[in-house]
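Count along the sequence shown from 1, then add 11; that gives the number in our numbering.
Here's the structure, in C-alpha cells; my notes come after.
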Amino acid sequence: MLDQFPDSLHPDRLMTHMRALCQDIGPRPSTSPQERQAAEYVERTLRQLGIADVQEQPFKSQASFGWIVIPATAAGVLAMPIAWLGGQWGKLVGSLLLLGGACIVRSAMLVRTPFFQRLIARGNSQNVIVQIPPTGQALRRVFLVGHLDTQKQRFLMPPPRPETSKPINTLALLAAALGGISLLADVLLNRRRIAWWQGVLGAGLVPSLAALLFDETQPHIEGANDNATAVSILLGVVEALKAQPLQHTEVTLLFTGCEEVGCVGMESYLERFAPPKENTYWIDLEMVGTGNLCYVTRHQLLERIFSRFREGGVGGARRSPTPGIGRCGQRYVDLGRSG
Ligand SMILES: [Zn+2]
C-alpha cells in the first residue's frame, strides 16, 4: 500500500519541512520573530506549490500562558498577608483576591479568555489559511489544523505524572476558594482574627507560585513533535490535494499561531470567520510521530472553546456523534477515497 502514498507525504519530503522548521528556524515561541518565520516558510511553500490565495490573519496575543496564571496565583498569595494586616477591609480585599484568582486560573484551564486579555496581548502573531475547493459542489467542509508555535520546556504541563494533574489542580482551586469564602464569612460575621488554617491555605499557594515562576524561566523547545510534524504533514496534504482535489469536500488548512498560550490563534480565527457549524468537521493534528496514532473526538479544552461559540451563536464545530478516545491501527487515510 505504501506505493499509493502521495509523493508529498513521503518521509524524505516531510523531513525537508521538519529541518526547515526545527533546525533552520529552531524554537518558535508564541508571538516571536521565529514564529513569524515559520508562518513565512509555510506561506512560501504554499506559493511554490502554485497556490496563490494564501491568507494571513494577524492578531494580538500574550507571549506566555504565565501572563494569565502567574498574576492570578500571585494575587492569591498576597491575599492572606493583606487580610492579616488590613483589618476587616483587608479581609474583604483578600477574599476578592483569592476568589478572583481561583476563577481566573480555572478559566485559563478551560481556555477561556481572561478579562484582562487586552492588557497582556501585546505581541503580534498570525494564522496562515489556505482553502482547497472541491472539484464539484461543496457538500461539507473539513478544517485541518496544526499550530506553528512551540512551548517552553515546562515541568508542569504536562506534569511528570499526568494523572495527578487534575486532582492537584482541583485541590489548589478548592483551597483558594475556601480561603476566599472563609475571609468573606469573617467580614460578614465580624470575626477579627485569622484562623491558623486560613494561614495554611494561603501559604499553600506559595509553592504553586514558585513552580509557575520556575516553569517560566525554561527555554523554548524546537518542537519537532509539538508541532512541526503536524505542520509538515499539512504541507504534504496541501500538495496532495492540489494535485487531486476532493469531489465534494472543501478543505481549509489552518496553520495557527499562539496555540501554546491558550489557543489564541484558533479563537481569533473563529471570531473573525465564524465558520458555519453544519457539515463542518475539524481535525487538529498534534504530537504526530510520538507513538501510536491516537484520536480524540471530545477534548475538554476544545469543547469549551466551541461550546462558547455555539452558545454565542457565532458558529463552531459540530459535535461528534460518537465522542470518545481511541487508537487507530491504520497507517494512513486515503484522502482520495473519502471524497
Ligand atoms: Zn501542541
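For each residue, glycine too, the CB sits at the ideal point set by N, CA and C.
Heavy atom of ligand 1 within 6 Å of residue i beta-carbon
i, result
"Asn290", "no"
"Glu233", "no"
"Glu46", "no"
"Glu297", "yes"
"Arg64", "The identity of residue 64 in the sequence shown is Asp, whereas the question assumes Arg. It does not: the Cβ of Asp64 is nowhere closer than 6 Å to a heavy atom of ligand 1."
"Asn238", "yes"
Enclosing alpha helix (DSSP H) for residue i [first to last residue]
i, result
"Cys305", "Taken as a continuous stretch (DSSP letters only), Cys305 belongs to no alpha helix (DSSP H), being part of the beta strand (DSSP E) at Leu304 to Val307."
"Glu232", "The question names Glu, yet the displayed sequence has Ile at residue 232. Unbroken run through Ile232: none, as it is neither H nor E."
"Arg55", "Pro44 to Gln59"
"Ser176", "Ser176 to Leu199"
"Val153", "Per DSSP, Val153 belongs to no alpha helix (DSSP H); it is in the beta strand (DSSP E), Arg151 to His158."
"Pro171", "Counting along the chain, Pro171 falls outside any alpha helix (DSSP H), and DSSP gives it neither H nor E."
"Gly276", "Val275 to Phe284"
"Pro22", "Pro22 to Met29"
"Leu130", "Gln128 to Ile131"
Minimum Cβ-Cβ distance from residue i to chain D less than 7 Å
i, result
"Val104", "You won't find chain D in this structure, because it holds only one protein chain."
CB of residue i within 7 Å of CB of residue j, strictly
i, j, result
"Gly101", "Ala94", "yes"
"Ser75", "Asp160", "no"
"Glu227", "Gly37", "no"
"Ala144", "Glu297", "Sequence check: residue 144 is Pro here, not Ala. Taking 7 Å as the Cβ cut-off, Pro144 and Glu297 do not qualify as a contacting pair."
"Phe127", "Thr263", "no"
"Val122", "Cys269", "no"
"Val141", "Asp295", "no"
"Val88", "Leu220", "yes"
"Gly215", "Ser19", "no"
"Val104", "Ala50", "no"
"Ala188", "Ala239", "no"
"Gln68", "Gly147", "no"
"Pro82", "Ala251", "no"
"Ser72", "Ala132", "yes"
"Asn201", "Thr301", "no"
Residue environment, residue i, which counts as buried when at least 16 other CB atoms sit within 10 Å
i, result
"Glu271", "buried"
"Ile11", "What the structure shows of the chain is the stretch from 12 to 350, and residue 11 is not part of that stretch, so it cannot be assessed."
"Tyr292", "exposed"
"Met29", "buried"
"Met26", "exposed"
"Glu289", "exposed"
"Leu96", "exposed"
"Val211", "exposed"
"Tyr280", "buried"
"Arg152", "buried"
"Met277", "buried"
"Gly190", "buried"
"Asp23", "exposed"
"His21", "exposed"
"Ala31", "buried"
"Pro125", "buried"
"Gly134", "buried"
"Ile179", "exposed"
"Leu110", "buried"
Span of the beta strand (DSSP E) around residue i
i, result
"Pro218", "No beta strand (DSSP E) holds Pro218; the alpha helix (DSSP H) holding it covers Leu216 to Glu227."
"Leu264", "Thr260 to Thr267"
"Leu253", "Rather than Leu, the amino acid found at residue 253 in this sequence is Lys. Careful: Lys253 lies outside any beta strand (DSSP E), inside the alpha helix (DSSP H) at Thr240 to Ala254."
"Arg117", "Per DSSP, Arg117 belongs to no beta strand (DSSP E); it is in the alpha helix (DSSP H), Gly98 to Met120."
"Ile143", "Gly134 to Ile143"
"Val299", "Unbroken run through Val299: none, as it is neither H nor E."
"Phe70", "Val65 to Ser72"
Residue closest to residue i, alpha-carbon to alpha-carbon, out of the options
i, options, result
"Lys163", "Ala63, Phe225, Glu174 and Pro92", "Phe225"
"Gly77", "Ala85, Phe70 and Lys71", "Ala85"
"Gln34", "Glu54, Gln48 and Leu167", "Gln48"
"Gln66", "Ser72, Gln73 and Arg55", "Arg55"
"Ile115", "Ala132, Arg151 and Leu184", "Leu184"
"Asp64", "Pro218, Lys253, His259 and Ala186", "Lys253"
"Ile192", "Ser43, Leu108 and Gln45", "Leu108"
"Val198", "Ser43, Thr301, Ser106 and Pro44", "Ser106"
"Ala241", "Phe266, Leu257, Pro256 and Glu250", "Phe266"
"Pro44", "Leu110, Leu60, Ala132 and Ser136", "Ser136"
"Leu167", "Ala196, Leu223, Ile81 and Ala186", "Leu223"
"Phe70", "Arg129, Pro286 and Met120", "Arg129"
"Leu150", "Asn303, Leu304, Pro287 and Glu174", "Pro287"
"Val217", "Ala186, Leu245, Ala196 and Pro230", "Ala186"
"Ile244", "Glu46, Leu57 and Val307", "Leu57"
"Leu60", "Arg204, Gln255 and Cys305", "Gln255"
"Pro169", "His158, Val307, Met120 and Arg39", "Met120"
Distance cut-off 6 Å: residue i Cβ against heavy atoms of ligand 3
i, result
"Ala235", "In the structure on display, ligand 3 does not appear, and the ligands it does have are ligand 1."
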